[in-house]
Ligand SMILES: NC(=O)c1ccc[n+]([C@@H]2O[C@H](COP(=O)([O-])OP(=O)(O)OC[C@H]3O[C@@H](n4cnc5c(N)ncnc54)[C@H](O)[C@@H]3O)[C@@H](O)[C@H]2O)c1
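In my numbering, the protein residues as written are 1 to 222.
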């Protein structure tokens, strides 16, 4: 999808490469300044899409992106209108004097075409999409031995299919604008270690890793 990235970002080498480059110009009158939080870890002017952003991990991620300098964060979740926590976070962002737009969009991650469309609308509006966190999730608790098939299917539809559809939606916009981007996957330690009798919160998580790994492998430059 992307060509192989250059070895250095557009603003020059980073980390040890930068130090080594600087050592070749020891006589320079201008001392170097740290770029870690102005470039490498800065989300200045970046646009983010977060699913499950009405609360929980998604809302935490949204606030973090706002504080890190993002221009806009779009939170997608099931309710028609955002909840009280979301609105308080938006007020908090404004009270800090941050210019980040925290937007709320109603959407269902289980609907592939609708997710693609929502991401496309964000792209149309912002002219870029840089970060995606598919944090929408559901977990039904119950013993694996008699966990109902319908409930298990519901979990898989949100936590597995919904993650893939969200990653696809974001990757399509990242490819459209050619700036690259980051898709940050959320999984649970329950997918790797035994965490109790809960196929809804642990069982499906082990199934989550392959599609997430597949998406990472395909959507990122080799
Ligand atoms: N909280 C934890 O400690 C933890 C740890 C590891 C992994 N996780 C996983 O991370 C994900 C998020 O966890 P959380 O604690 O923020 O959960 P949460 O229940 O607080 O938030 C999940 C959000 O996803 C939304 N959502 C559910 N179905 C949706 C759908 N079809 N479309 C759009 N939005 C939908 C919900 O409305 C909710 O706002 C879950 O998959 C969870 O299993 C959580």
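For every residue, glycine included, the Cβ atom is placed at its ideal position computed from N, Cα and C.
Here the structure is a predicted model, which is why all the values come from computation and not from measurement.
Checklist entry - Can at least three beta-carbon pairs, one atom from the stretch 145-160 and one from the stretch 95-102, be found at a separation below 8 Å? => result no
Next on the checklist: Taking 7 Å as the threshold (C-beta atoms), are residue 50 and residue 58 in contact?
Outcome noted: Counting from 1 along the chain shown, the entry for residue 58 is found at position 58. Counting from 1 along the chain shown, the entry for residue 50 is found at position 50. Yes.
Checklist entry - Which residues bound the beta strand (DSSP E) around residue 76? => result Taking the first residue of the chain shown as 1, we reach residue 76 at position 76. Run containing residue 76: 72-77, per the beta strand (DSSP E) assignment.
Checklist entry - By the 10 Å Cβ neighbour count, where 16 or more other Cβ atoms means buried, how is residue 166 classified, buried or exposed? => result In the chain shown, the residue the question calls residue 166 occupies position 166. Buried is the call here.
Next on the checklist: At a threshold of 6 Å, does residue 235 count as lining ligand 1 (C-beta to nearest heavy atom)?
Outcome noted: Shown here, the chain extends from 1 to 222; a query on residue 235 therefore has no answer.
Checklist entry - From 40, 104, 24 and 48, pick the residue whose C-alpha is nearest to that of residue 70; which is it? => result Position 70 of the chain shown holds residue 70. Of the candidates 40, 104, 24 and 48, the one whose C-alpha sits nearest the C-alpha of residue 70 is 48.
Checklist entry - Cα separation between residue 1 and residue 112? => result Start at 1 with the first residue of the chain shown, and residue 1 comes out as number 1. Start at 1 with the first residue of the chain shown, and residue 112 comes out as number 112. Confidence at residue 1 is low in this model, with a pLDDT of 48, below 50, so its placement is unreliable and no value can be given for it.
Item to check | CB-CB length for residue 137 against residue 158, believed under 8 Å | outcome: For the purposes of this step, residue 137 is taken as residue 137 along the chain shown, with counting starting at 1. For the purposes of this step, residue 158 is taken as residue 158 along the chain shown, with counting starting at 1. Their Cβ separation, rounded to whole angstroms, is 6 Å, which keeps residue 137 and residue 158 in contact under 8 Å.
Item to check | Reduced DSSP secondary structure (H/G/I, E/B, other) of residue 183 | outcome: As a working mapping, residue 183 is identified with position 183 in the chain shown. Here residue 183 sits in strand by DSSP.
Next on the checklist: Here's the rule: buried if 16 or more other CB atoms are within 10 angstroms of the residue's CB, otherwise exposed. What is residue 30?
Outcome noted: Taking the first residue of the chain shown as position 1, residue 30 is located at position 30. Exposed is the call here.
Item to check | Residue environment, residue 183, which counts as buried when at least 16 other CB atoms sit within 10 Å | outcome: As a working mapping, residue 183 is identified with position 183 in the chain shown. The residue in question, residue 183, is buried, as its Cβ has 16 or more Cβ neighbours within 10 Å.
Item to check | Closer than 6 Å: residue 138 CB and nearest ligand 1 heavy atom | outcome: As a working mapping, residue 138 is identified with position 138 in the chain shown. It does: the Cβ of residue 138 is within 6 Å (strictly closer) of some heavy atom of ligand 1.
Next on the checklist: Between which residues of its own chain and residue 9 is the CB-CB distance below 6 Å, once the five residues before and five after are set aside?
Outcome noted: Here residue 9 is taken as the residue at index 9 of the chain shown, counted from 1. Closer than 6 Å at the Cβ level, and outside the excluded window around residue 9, lies no residue.
Next on the checklist: Does the beta-carbon of residue 158, which I'm using as the reference point, lie nearer than 6 Å to any heavy atom of ligand 1?
Outcome noted: Residue mapping note: residue 158 aligns to position 158 of the chain shown, counting from 1. Because some heavy atom of ligand 1 lies under 6 Å away, the Cβ of residue 158 counts as near it: yes.
Next on the checklist: I'd like the list of long-range same chain contacts for residue 72, defined as Cβ closer than 7 Å, with 5 residues on each side in sequence excluded.
Outcome noted: In the chain shown, the residue the question calls residue 72 occupies position 72. Cβ within range, chain order: 47, 100, 101, 103 and 126.
Item to check | Supposed close pair residue 53, residue 66 - CB separation, criterion 8 Å | outcome: Taking the chain shown and counting its residues from 1, one reaches residue 53 at position 53. Taking the chain shown and counting its residues from 1, one reaches residue 66 at position 66. So it is not a contact: roughly 11 Å between Cβ atoms.
Checklist entry - Below 7 Å between beta carbons: does that hold for residue 170 and residue 119? => result By one-based count along the chain shown, residue 170 stands at place 170. By one-based count along the chain shown, residue 119 stands at place 119. Their beta carbons are under 7 Å apart, which means residue 170 touches residue 119 by this criterion.
Item to check | Straight-line Cα distance separating residue 87 from residue 122 | outcome: As a working mapping, residue 122 is identified with position 122 in the chain shown. As a working mapping, residue 87 is identified with position 87 in the chain shown. Spanning the two alpha carbons is a distance of roughly 20 Å.
Next on the checklist: Are the CB atoms of residue 181 and residue 124 within a distance shorter than 7 Å?
Outcome noted: What you label residue 124 is simply residue 124 of the chain shown in a count that begins at 1. What you label residue 181 is simply residue 181 of the chain shown in a count that begins at 1. Not in contact: residue 124 and residue 181 (Cβ atoms no closer than 7 Å).
Next on the checklist: Measuring only from the beta carbon, is residue 89 closer than 6 Å to any heavy atom that is part of ligand 1?
Outcome noted: Locating residue 89 in the chain shown gives position 89, where the first residue counts as 1. No, the beta carbon of residue 89 sits no closer than 6 Å to any heavy atom of ligand 1.
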